[in-house]
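Put into structure tokens, the structure is as follows:
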């Protein structure tokens, strides 16, 4: 029996503006240019095609795993769900990788991603504190390749900071051309 | 220096109807249900978003390699271009794989695809006779996962028949839920 981790094909739209469940606490460009400031952010899953676009928006799609191996997939099945009541902190991190990354063959991207940068292994250390959902948007024509959404409790804010610092120190991150970090919160 | 094989992100629209460079010689469902009959087919690359949709159409996108390793990428760089004057025969093969396929981790999909089914190795045997271009459409919300486009000369029609027969006999093809073969021709 195969455990299906991901609801594949489900669309998402992140809409920044004056509305949305999440307050924007900060936005900063880690690499490349910033995105326009906004007060609030909404994450609309399911059928977001009719959703308003606010001051700016980015569309993505949940898709199949591009690098995860079987042993990792089993461990990732223990990942926490989104929407936990005490997860009042969130982050949206849109990323765009370089042309050099995308021109690499699959085996070399996997080796950089996991064997040398330990992307999955590092993430697993923060389970169950940090919930994470990856959306793909490169093939949709967006100016981003991925959108990663994180949710965690106030008490795990330091753990989240460490997680992203560790990832940004890896070889994989040399292939990140643009990255913006949007930190968010909501009331319990 | 990295040799970029693929113009990534470029969209395509295949439009079936009364117009288009290619005459439809035959259409048949290999697995699952057929598509409606049409007299001609157009392949519109670049910015096809304004193109008419004919009696039916399918959108796709050129994307990065999901299974190709370095040694294979080097050999694939010898692939012929589309549009050769004597390539008056073509085929469009839309494919949809099963949920079980997409739930597999990357290492198991790669093992089925190449180590056990020799998908890339078989294709390489037909270079330079058969030109091939792969488009992805799963993440675009199409009812297909891939569109493969082939072009070849009349004299290589038998080679093409053998190529598709060999692929359909592989373990990978047990994960094909739907497949339609559209055979096409044009004047020299």
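Protein chains in written order, with my numbering: chain F, 1 to 188; chain S, 1 to 188.
By construction, the Cβ of each residue, glycine as well, lies at the ideal position given by its N, Cα and C atoms.
Give me the DSSP bridge partner(s) of residue 59 (chain F). Per DSSP, the beta-bridge partners of residue 59 (chain F) are F:13.
Among F:173, F:75, F:107, which one has its Cα closest to the Cα of residue 68 (chain S)? Among F:173, F:75, F:107, the Cα nearest to that of residue 68 (chain S) belongs to F:107.
Residue-chain proximity (residue 63 (chain F), chain S), Cβ-Cβ < 8 Å: So, interface residue.
Would you mind telling me which residues of chain S sit closer than 7 Å to residue 107 (chain F), beta carbon to beta carbon, in chain order? Those within 7 Å of residue 107 (chain F) in chain S are 69, 70.
Tell me, to the nearest whole angstrom, how far the beta carbon of residue 203 (chain F) is from that of residue 11 (chain F); I am working on the premise that it is less than 8 Å. Chain F is shown only over 1 to 188; residue 203 (chain F) falls outside these bounds and no answer can be derived.
Along the chain, where does the beta strand (DSSP E) that runs through residue 46 (chain S) open and close? Bounds of the beta strand (DSSP E) holding residue 46 (chain S) are 40-46.
Starting from the N-terminal side, write out each stretch of the beta strand (DSSP E) that is 3 residues or longer and does not extend beyond the region 54-135 of chain F. The DSSP assignment places complete beta strand (DSSP E) segments of no fewer than 3 residues inside the region 54-135 of chain F at 56-61, 89-97, in order along the chain.
Any Cβ of chain F within less than 8 Å of the Cβ of residue 165 (chain S)? Output row for residue 165 (chain S): interface = no.
What does the Cβ neighbour count give for residue 190 (chain F), buried or exposed, with the cut at 16 atoms within 10 Å? Look at the range of chain F in this structure, 1 to 188, and you will see that residue 190 (chain F) is not part of it.
Going along the chain, which residues of its own chain have a beta-carbon closer than 8 Å to the beta-carbon of residue 124 (chain F), five neighbours each way excluded? Excluding sequence neighbours, residue 124 (chain F) sits near 72, 75, 76.
Would you give the residue range spanned by the beta strand (DSSP E) that residue 29 (chain S) belongs to? In the DSSP annotation of this structure, the continuous segment of the beta strand (DSSP E) that includes residue 29 (chain S) starts and ends at 22-31.
Could you check whether the Cβ of residue 41 (chain S) sits closer than 8 Å to any Cβ belonging to chain F? In terms of beta-carbon proximity, residue 41 (chain S) stays away from the interface with chain F, with every pair separated by 8 Å or more.
Mind checking if residue 140 (chain F) is an interface residue toward chain S, Cβ cutoff 8 Å exclusive? Yes, contact with chain S.
Am I right that residue 89 (chain F) and residue 157 (chain F) are in contact with their C-beta atoms under 8 Å? What's the rounded C-beta distance? Separation of the CB atoms of residue 89 (chain F) and residue 157 (chain F) is rounded to 6 Å, and the pair is thereby assigned contact status at 8 Å.
May I ask you to check if the CB of residue 48 (chain S) is nearer than 7 Å to at least one heavy atom of the ligand ADP? Looking for the ligand ADP in the displayed structure turns up nothing, as the structure carries no ligands at all.
How would you list, in chain order, the residues of chain S whose beta-carbon sits under 8 Å from the beta-carbon of residue 66 (chain F)? Residues of chain S whose Cβ lies closer than 8 Å to the Cβ of residue 66 (chain F) are, in chain order, 66, 106.
Check whether the region 93-105 of chain S and the region 169-179 of chain S are in contact - that is, three or more C-beta pairs closer than 8 Å. Yes, the region 93-105 of chain S touches the region 169-179 of chain S.
Could you check whether residue 113 (chain F) and residue 172 (chain F) sit closer than 8 Å to each other, using their CB atoms as the reference points? For residue 172 (chain F) and residue 113 (chain F), yes; Cβs fall inside 8 Å.
One or two residues paired with residue 184 (chain F) in a DSSP bridge: Listed as beta-bridge partners of residue 184 (chain F) by DSSP are F:24, F:90.
DSSP three-state assignment for residue 153 (chain S), whether helix, strand or coil: In this structure, residue 153 (chain S) counts as coil in the three-state DSSP scheme.
If you measure between the beta carbons of residue 127 (chain F) and residue 83 (chain F), is that distance less than 8 Å? No, Cβ-Cβ distance for residue 127 (chain F) and residue 83 (chain F) is not below 8 Å.
Would you mind working out which of F:66, F:153, F:130 sits nearest residue 111 (chain F), comparing C-alpha positions? Closest option to residue 111 (chain F), Cα to Cα, is F:66.
Own chain partners of residue 133 (chain S) with C-beta closer than 7 Å, once the 5 adjacent residues on each side are dropped: Answer for residue 133 (chain S): 82, 149, listed in chain order.
Drop a sphere of 10 angstroms on the beta-carbon of residue 165 (chain S), count the other beta-carbons inside from all chains shown, and report buried for 16 or more, exposed for fewer. By the beta-carbon neighbour count (other beta carbons within 10 angstroms, threshold 16), residue 165 (chain S) is exposed.
Measuring only between beta-carbons, confirm whether residue 118 (chain S) sits less than 8 Å from chain F. Residue 118 (chain S) has a beta carbon lying at 8 Å or more from every beta carbon in chain F.
Residue burial classification, residue 86 (chain S) (beta-carbon count within 10 angstroms, cutoff 16): Exposed, since its Cβ has fewer than 16 Cβ neighbours within 10 Å.
Nearest to residue 63 (chain S) (by Cα), restricted to the options S:167, S:152, S:139, S:153: Of the candidates S:167, S:152, S:139, S:153, S:139 places its Cα closest to the Cα of residue 63 (chain S).
Proximity winner among S:21, S:152, S:93, S:15, relative to residue 167 (chain S) (alpha-carbon distances): Of the candidates S:21, S:152, S:93, S:15, the residue whose Cα lies closest to the Cα of residue 167 (chain S) is S:93.
How would you call residue 39 (chain F), buried or exposed, if buried means at least 16 neighbouring beta carbons within 10 angstroms? The residue is exposed, with fewer than 16 neighbouring Cβ atoms inside 10 Å.
Figure out for me which residue from F:170, F:152, F:105 has the closest Cα to the Cα of residue 122 (chain F). In this structure, F:170 is the residue among F:170, F:152, F:105 with its C-alpha nearest to the C-alpha of residue 122 (chain F).
Contact defined as beta carbons within less than 8 Å: I believe residue 16 (chain S) pairs with residue 55 (chain S). What is the distance between those atoms, to the nearest angstrom? Right, the Cβ-Cβ distance comes to about 6 Å (below 8 Å), so this counts as a contact.
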